[in-house]
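Asks: Position 64 (the sequence shown) corresponds to 65 in our numbering; numbering is contiguous. Yeah, the Cβ is synthetic: ideal placement off N, Cα and C, and Gly gets one too.
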Amino acid sequence: MAVDTEVLAAGEVVDILNDLLENARDGEYGFRTCAEEVKSPEMKRLFSDRASSCAQAASELSQLIQAQGGKPAQGGTTTGAMHRGWVHVKGMVGANSDLSMLEECERGEDAAMARYRKALKYNLPADVRGVVERQAAGAQRNHDQVKMLRDQARARS
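Here you go:
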């Protein structure tokens, strides 16, 4: 897929949206995994809320994919599954502090933001671009909140 000013064919739009859909599912699964691993009720609530936001984004992307005549991808990415596995390993060896989980979530949000930036380089249809821009802003807010909480946890350590 070439990045240019030419409007993308529906199939290309579906490919981009499916990439973002897998990303949203990775976020949902990742935040849920972190919620399972932390002890702090505040962190559990934060991660559960973020997981719900990612699930909502995934639902919205699925609808857009179907509107473009495509079939929504199933599941997340292999990289996301490996990341969640690492979070579980950290939990099993007692490295599941709030700081550790926040660091893992920040890594996940870095990846999400990169995928949204990549998608926004394409000339997406206006309705699709609006959704992708709004979701990218949400990923940025998630990242910024997680980073702020991570910095606070580091200061307490």
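Please report the distance separating the alpha-carbon of Gly70 from that of Ala11.
Replies: In the sequence shown, counting from the first residue as 1, residue 70 sits at position 69. In the sequence shown, counting from the first residue as 1, residue 11 sits at position 10. Approximately 7 Å, taken between the alpha carbons.
Asks: Just verifying my parser: in three-state terms, what is the DSSP assignment at Gly131?
Replies: Counted from its first residue, the sequence shown places residue 131 at position 130. Gly131: helix per DSSP, three-state reduction.
Asks: Going by other Cβ atoms of all chains shown within 10 Å of its Cβ, with 16 needed for buried, is Val4 buried or exposed?
Replies: Working through the sequence shown from its first residue, we reach residue 4 at position 3. Caution is warranted here: a pLDDT of 49 is assigned to Val4, below 50, making its placement in the model unreliable, and the coordinate value is therefore given only provisionally. Val4 should be labelled exposed.
Asks: With Ala74 as the anchor, note down where its alpha helix (DSSP H) starts and where it stops.
Replies: To locate residue 74, count along the sequence shown from 1; it is residue 73. Per DSSP, Ala74 belongs to no alpha helix (DSSP H) and is neither H nor E.
Asks: Apart from the five residues on each side of it in sequence, which residues of its chain come closer than 7 Å, Cβ to Cβ, to Ala25?
Replies: Stepping through the sequence shown from its first residue, residue 25 is reached at position 24. Result list for Ala25: Cys55, Ala58, Ala59, Leu62, in chain order.
Asks: Taking C-beta to C-beta, are Asp27 and Gly109 nearer than 8 Å?
Replies: Counting from one through the sequence shown, the residue named residue 27 turns up at place 26. Counting from one through the sequence shown, the residue named residue 109 turns up at place 108. Going by C-beta atoms, Asp27 is nearer than 8 Å to Gly109.
Asks: Determine the closest residue to Lys122 out of Glu134, Asp111, Asp128, Ala112, with distance taken between C-alpha atoms.
Replies: As a position in the sequence shown, residue 122 is number 121, starting the count at 1. The candidate whose alpha carbon is nearest that of Lys122 is Glu134.
Asks: If you drop the 5 nearest sequence neighbours on each side, which residues of the same chain put their C-beta closer than 8 Å to that of Ser41?
Replies: What you label residue 41 is simply residue 40 of the sequence shown in a count that begins at 1. Closer than 8 Å at Cβ, skipping near neighbours: Asp99.
Asks: With respect to the alpha helix (DSSP H) encompassing Tyr123, which residues constitute its N-terminal and C-terminal limits?
Replies: If you number the sequence shown from 1, residue 123 lands on position 122. Per DSSP, Tyr123 belongs to no alpha helix (DSSP H) and is neither H nor E.
Asks: Tell me which same chain residues have a C-beta within less than 7 Å of the C-beta of Ala115, skipping the five on either side of it?
Replies: Mapped onto the sequence shown, residue 115 falls at position 114. Excluding positions up to five away in sequence, the list is empty.
Asks: Kindly list the residues whose CB is nearer than 8 Å to the CB of Ala156, restricted to its own chain and excluding five residues on each side of it in sequence; keep chain order.
Replies: Sequence index remark: in the sequence shown, residue 156 carries index 155 (1-based). Same-chain partners within the cutoff: there are none.
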